[in-house]
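Residue numbers (this note's numbering), protein chains in the order written: chain A, 15 to 283; chain B, 741 to 1022.
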């Protein structure tokens, strides 16, 4: 396991060398000012706009890190053959995958923490600047809970990205497949609800059955989206949230296991 | 870099800079007059479809649409029929994306029934926040108001007001308006029932308790007279010329007390009774 941590540490240092975190800090600083300017444009519930903006920017930067940074990092390892340097040492393919995932996840975590703090400060400043327009039931614990769930959804996507990169070394293909998973994950639940609520299709029709099947394969990322809940301080069901958390962690486990299984059978030469 | 190359470089730079400066001035001048009102760009997709494109950024997209509509309306440009439809669609999209945002439904109520002459659409859109904001009385109040003011549907207005009045901390006015419309739509009994039920609320303050009790007395008086009027009509096939006739012909022992006016106001043509001139003149 120590070897996996070593790969994780190297991956993390590699990302730091690429100055990804500098960009994130810059984004955080921009967030301060943008949030204050934009909230000033609203005359009602401007506090809600500030929370919306803050959480969306954390999500957005996480997506950029996954789609443009992580895919690039792993594909380059294979394309530039630096992977041989690692695998020629006593590091197994499984340790490599786990290490890569841990290293890249660490970057996502640090990004979420940094941007989360920036968002919290900017939201606080916005609350002060829009005097008295704090969402009715707003609570900071809900705000940070939303960041936690948002980070879990990014980690799920990260695992899926690693899975696609392990199947196809081609960066663009991996990017498209990961992006597809992201869109399906965000909208799958919505599509099913709309189809069933509008009675456009019967519950036992083929498309509904297909969506039901897909929902067992693709992650329901919408379940991790607590932005609206945080923005309005809506009541949360703790048990349901615990199940969502468990669902996310177990999904990551399943995908990483599959990734290791596929990667171990893959000819890298 | 020799002198010739430097000269070419400088000349090219100056040429591009001069053209850029001139064109930039022209663009600024042209765009200045257009301002925020030059057009309203709303994606033509129905409200239900738009969340698929917004993904997890629904709140952000709703804010963006709202800002566009706000800027367009704020530019004081005369709104054409097509633009009214775009405003409606934009508000529908914003409410579908974020059904909790107060600014969206306030803007929908401010624009659709008044400026766009679309009260039915306003009601349809306001039903979205009404469903989600179970603690907010405003959407229900606006829906009831639209039914009453724009569509003259007193029955529906009173029904919505009564439902809205059940929301905690809703203003007493909603209950009083609901009962007023109930009289107009001959739902006096329902109004008395609801108000009596509201009196049981231990959190009701003294002033509100008095106002509700007063309204119940007025409504009970109306109900009593209305019963007398209906019995009179069954016997004589017409409504009586005045309320005193009901007493003279033994359909009523005496006129009940009216807490709002010296007596009850009676309109013979439709046999309606009111406790004040506001309802009578409407």
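Every residue, glycine too, gets a C-beta built ideally from N, C-alpha and C.
Remember, predicted model here, so these are calculated numbers, not experimental data.
*Determine, using beta carbons only, whether residue 75 of chain A comes closer than 9 Å to chain B.*
On the first chain, residue 75 of chain A is found 61 positions in, with the first residue counted as 1. So, not an interface residue.
*Got a sec, what are the start and stop residues for the alpha helix (DSSP H) residue 176 of chain A sits in?*
For the purposes of this step, residue 176 of chain A is identified with residue 162 of the first chain, where counting begins at 1. Where residue 176 of chain A is concerned, the enclosing alpha helix (DSSP H) stretches over 154-181.
*So what does residue 1014 of chain B bridge to, in DSSP terms?*
If you number the second chain from 1, residue 1014 of chain B lands on position 274. B:1005, per the DSSP bridge assignment.
*Counting only beta-carbon atoms, is residue 877 of chain B nearer than 9 Å to chain A?*
Numbered from 1 along the second chain, position 137 holds the residue referred to as residue 877 of chain B. No, residue 877 of chain B lies away from the interface with chain A (no Cβ there is under 9 Å from its Cβ).
*Does the beta-carbon of residue 945 of chain B have 16 or more other beta-carbons within 10 angstroms, so that it is buried, or is it exposed?*
As a first step, residue 945 of chain B is located in the second chain; it is residue number 205 there, counting from the start. Residue 945 of chain B comes out exposed.
*For the alpha helix (DSSP H) that residue 280 of chain A lies in, which residues bound it at each end?*
In the first chain, residue 280 of chain A corresponds to position 266, counting from 1. Counting along the chain, residue 280 of chain A falls outside any alpha helix (DSSP H), and DSSP gives it neither H nor E.
*Environment of residue 947 of chain B [buried if 16+ CB atoms lie within 10 Å]*: As a working mapping, residue 947 of chain B is identified with position 207 in the second chain. Classification for residue 947 of chain B: exposed.
*Below-9 Å beta-carbon distance, residue 175 of chain A vs any chain B residue*: What you label residue 175 of chain A is simply residue 161 of the first chain in a count that begins at 1. So, not an interface residue.
*asked:* I'd like to check one pair, residue 192 of chain A with residue 80 of chain A: are the Cβ atoms closer than 9 Å?
replied: The sequence position of residue 80 of chain A within the first chain is 66, counting from 1. The sequence position of residue 192 of chain A within the first chain is 178, counting from 1. Cβ distance < 9 Å, so residue 80 of chain A and residue 192 of chain A count as in contact.
*For residue 126 of chain A, I'd like the list of residues in its chain whose CB is within less than 8 Å of its CB, leaving aside the five on either flank, ordered along the chain.*
Residue numbering aside, residue 126 of chain A sits at position 112 when the first chain is read from its first letter. If we look at residue 126 of chain A and ignore the five residues flanking it on each side, its Cβ neighbours are 72, 76, 161, 164, 165, 168.
*Under a Cβ-count criterion, where at least 16 other Cβ atoms within 10 Å of its own Cβ denotes burial, should residue 796 of chain B be classed as buried or exposed?*
What you label residue 796 of chain B is simply residue 56 of the second chain in a count that begins at 1. By the 10 Å Cβ count, residue 796 of chain B comes out buried.
*Sequence-distant residues of its chain with Cβ nearer than 7 Å to residue 181 of chain A (five each side left out)*: For this step, residue 181 of chain A is matched to residue 167 along the first chain. Excluding sequence neighbours, residue 181 of chain A sits near 276.
*Proximal residues, the stretch 224-250 of chain A versus chain B, C-beta separation under 9 Å*: 235, 236, 238, 239, 241, 242, 245, 246, 248
_Cutting at 7 Å between CB atoms, please list the residues of its own chain near residue 851 of chain B, excluding the five before and the five after it._
What you label residue 851 of chain B is simply residue 111 of the second chain in a count that begins at 1. Excluding sequence neighbours, residue 851 of chain B sits near 813, 827.
*Would residue 47 of chain A count as contacting chain B if we go by Cβ distances under 9 Å?*
Counting from 1 along the first chain, the entry for residue 47 of chain A is found at position 33. For residue 47 of chain A, the answer is no, since every Cβ of chain B falls outside 9 Å of its Cβ.
_residue 832 of chain B - containing alpha helix (DSSP H), residue span_ = Residue 832 of chain B sits at position 92 when you count from the first residue of the second chain. It spans 821-837 - the alpha helix (DSSP H) in which residue 832 of chain B sits, taken as one unbroken run.
*Please work out which residues of its chain come closer than 8 Å, Cβ to Cβ, to residue 217 of chain A, disregarding the five sequence neighbours upstream and downstream, and give them in chain order.*
If you number the first chain from 1, residue 217 of chain A lands on position 203. If we look at residue 217 of chain A and ignore the five residues flanking it on each side, its Cβ neighbours are 210.
_Residues of its chain near residue 973 of chain B, where Cβ-Cβ distance is below 7 Å and the 5 sequence neighbours each way are ignored_ = By one-based count along the second chain, residue 973 of chain B stands at place 233. 979, 1011.
_Straight-line gap, residue 23 of chain A to residue 187 of chain A (C-alpha atoms, nearest Å)_ = The residue you call residue 23 of chain A lines up with position 9 of the first chain. The residue you call residue 187 of chain A lines up with position 173 of the first chain. Cα to Cα, residue 23 of chain A sits roughly 27 Å from residue 187 of chain A.
*Just to confirm, are residue 201 of chain A and residue 784 of chain B a CB contact at a threshold of 9 Å?*
Indexing the first chain from 1 puts residue 201 of chain A at position 187. Indexing the second chain from 1 puts residue 784 of chain B at position 44. Their beta carbons are not under 9 Å apart, which means residue 201 of chain A does not touch residue 784 of chain B by this criterion.
*asked:* Going by C-alpha to C-alpha distance, which of B:914, B:856, B:891, B:896 sits closest to residue 878 of chain B?
replied: Position 138 of the second chain, counting from 1, holds the residue named residue 878 of chain B. Closest option to residue 878 of chain B, Cα to Cα, is B:914.
*Around the Cβ of residue 842 of chain B, are there at least 16 other Cβ atoms within 10 angstroms (buried) or fewer (exposed)?*
Your numbering for residue 842 of chain B matches position 102 in the second chain. The residue in question, residue 842 of chain B, is buried, as its Cβ has 16 or more Cβ neighbours within 10 Å.
_Beta-carbon proximity of residue 886 of chain B to residue 859 of chain B, cut-off 9 Å_ = Taking the second chain and counting its residues from 1, one reaches residue 886 of chain B at position 146. Taking the second chain and counting its residues from 1, one reaches residue 859 of chain B at position 119. It is a contact, given that the beta carbons lie within the stated cut-off.
*Determine contact between the stretch 886-902 of chain B and the stretch 924-934 of chain B, defined as no fewer than three beta-carbon pairs at a distance below 8 Å.*
yes
*Along chain A, in chain order, which residues have C-beta atoms closer than 7 Å to that of residue 788 of chain B?*
Translated into positions along the second chain, residue 788 of chain B becomes position 48. Those within 7 Å of residue 788 of chain B in chain A are 208.
*Name the chain C residues whose beta carbon is nearer than 7 Å to that of residue 63 of chain A?*
In the structure shown, chain C does not exist; the protein chains are A and B.
_residue 1004 of chain B versus residue 963 of chain B - alpha carbon distance_ = Start at 1 with the first residue of the second chain, and residue 1004 of chain B comes out as number 264. Start at 1 with the first residue of the second chain, and residue 963 of chain B comes out as number 223. Roughly 11 Å separates the two Cα atoms.
*Determine, using beta carbons only, whether residue 196 of chain A comes closer than 9 Å to chain B.*
Translated into the one-based positions of the first chain, residue 196 of chain A becomes position 182. It does; some Cβ of chain B falls within 9 Å.
_Whole-angstrom distance between residue 172 of chain A and residue 241 of chain A, CA atom to CA atom_ = Along the first chain, one-based indexing puts residue 241 of chain A at 227. Along the first chain, one-based indexing puts residue 172 of chain A at 158. Each residue's Cα considered, the two are about 20 Å apart.
*Apart from the five residues on each side of it in sequence, which residues of its chain come closer than 7 Å, Cβ to Cβ, to residue 955 of chain B?*
Here residue 955 of chain B refers to the residue found at position 215 of the second chain. If we look at residue 955 of chain B and ignore the five residues flanking it on each side, its Cβ neighbours are 916, 919, 935.
*Name, going along the chain, the residues of the stretch 873-898 of chain B whose beta-carbon falls closer than 7 Å to a beta-carbon of chain A.*
none
*What residues of chain A sit near residue 791 of chain B, judged by a beta carbon separation below 8 Å?*
As a position in the second chain, residue 791 of chain B is number 51, starting the count at 1. Here the neighbours are 201, 204.
*Whole-angstrom distance between residue 846 of chain B and residue 924 of chain B, CA atom to CA atom*: For the purposes of this step, residue 924 of chain B is taken as residue 184 along the second chain, with counting starting at 1. For the purposes of this step, residue 846 of chain B is taken as residue 106 along the second chain, with counting starting at 1. Distance between the alpha carbons of residue 924 of chain B and residue 846 of chain B is about 28 Å.
*Give the secondary structure of residue 21 of chain A by DSSP, where H, G and I count as helix, E and B as strand, and everything else as coil.*
Position 7 of the first chain, counting from 1, holds the residue named residue 21 of chain A. If DSSP states are grouped into helix, strand and coil, residue 21 of chain A belongs with the helices.
*Helix, strand or coil for residue 777 of chain B, going by three-state DSSP, please let me know.*
On the second chain, residue 777 of chain B is found 37 positions in, with the first residue counted as 1. Confidence at residue 777 of chain B is low in this model, with a pLDDT of 48, below 50, so the placement of that residue should be treated as unreliable; the coordinate-derived value is given next. Residue state, collapsed to three classes: helix.
*Decide if the stretch 827-841 of chain B is in contact with the stretch 85-94 of chain A; the criterion is three or more beta carbon pairs, one per stretch, under 8 Å apart.*
no
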